[in-house]
Amino acid sequence: MTTARLPLFPLNAVLFPGLVLPLNVFEERYRAMMRELIEIDEDEPRRFVVVAIRDGRETAPTATGMPDTVATAPPAERAPADGFGPDPIQTFHRVGCVADAAKIRERADGSYEVLATGTTRVRLLSVDASGPFLTAEVEELPEDPGKAEDQTSPPDEAGALAEGVLRAFRSYQKRLAGASERSLTTSSDLPDDPSVVSYLVAAAAVLDVPSKQRLLQAPDTATRLREELALLRKETAVIRHLPSLPATDLTRGPTHPN
């Protein structure tokens, strides 16, 4: 398999291929990463790996949005592995996603506004904390469509599952948002490719990090879609018995502070 050494950006979130990730970068260790990436020619991919944290901290006490008396303090100087224990790789989930930074904009205060897109799943092989920021040796994980569970299943099980997942997702979205049909994502907005469907639904569903991580590291598309179908049906049944919830935009996520 293809291996590479790339900058490592740990988050309390899971990134999926094809999904957009906005970042607000203010810690010095991640500023150093962005300073290196921004030197790469714009025609070349500015790649780094996003990995979800099992246990640790991703945010310094000077995060944007804190009271002025705190936010005006200089960013804390933190070593690359601070907050991630003596052996950082043990703190992270082993499957992450390569991100390509299409936009890196430095602000007047030296922080960065970053807009990246997930591209490829990877497995962490090792983590190096000897530089100004964490780097990781990773191997690419190909996306296998998966095989039918039994002889009676259709040969293109992933395609059939994707259709079922999209139907279940629309029902889930309607229940969650408490919205009318016209406010929901329409069929014209949704992709046909089963792997893309599986990633989009995994990112859009309101699930905790461990659940999203299980979906990211599913061995193939069909397995991921089967798990999503079960999750969506379960969540929809739960929501049906809850009081009305405020409308939720399921296609956008928050900007993640580092």
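In terms of numbering that gives the first Met the number 0, the numbers along the sequence shown are unbroken and rise by one, the last being 257. Think of the CB as a built atom: it goes at the ideal place given N, C-alpha and C, for glycine as much as any other residue. Remember, predicted model here, so these are calculated numbers, not experimental data.
Here residue 4 really is in contact with residue 135; their C-beta atoms are around 7 angstroms apart, less than 8 angstroms. At the C-beta level, residue 119 and residue 97 come within 7 angstroms of one another. Rounded to whole angstroms, the Cβ separation of residue 132 and residue 6 is 6 angstroms, and the two are in contact under 8 angstroms. Ranking 197, 234, 139 and 141 by CA distance to the CA of residue 163 puts 197 first. With a beta-carbon spacing of about 7 angstroms, residue 32 and residue 47 fall inside the 8 angstroms limit used to define contacts.
Membership of residue 50 in the beta strand (DSSP E) is indicated by the continuous run 46-51.
Counting along the chain, no alpha helix (DSSP H) covers residue 13, and no H or E run does either.
In the three-state scheme derived from DSSP, where H, G and I count as helix and E and B as strand, residue 9 is classed as strand. Taking the Cα positions, residue 139 is about 6 angstroms away from residue 2. CA-to-CA, the gap between residue 111 and residue 216 works out to about 30 angstroms.
Distance from the Cα of residue 222 is smallest, within the candidate group 161, 206 and 168, for 161.
Taking every protein chain shown into account, the CB of residue 236 has fewer than 16 other CB atoms within 10 angstroms, so this residue is exposed.
Straight-line spacing of the CA atoms in residue 29 and residue 143 works out to 33 angstroms. For residue 139, there is no enclosing alpha helix (DSSP H); the enclosing beta strand (DSSP E) covers residues 134-139. Residue environment analysis places residue 194 among the buried positions, since at least 16 neighbouring C-beta atoms fall within 10 angstroms of its C-beta.
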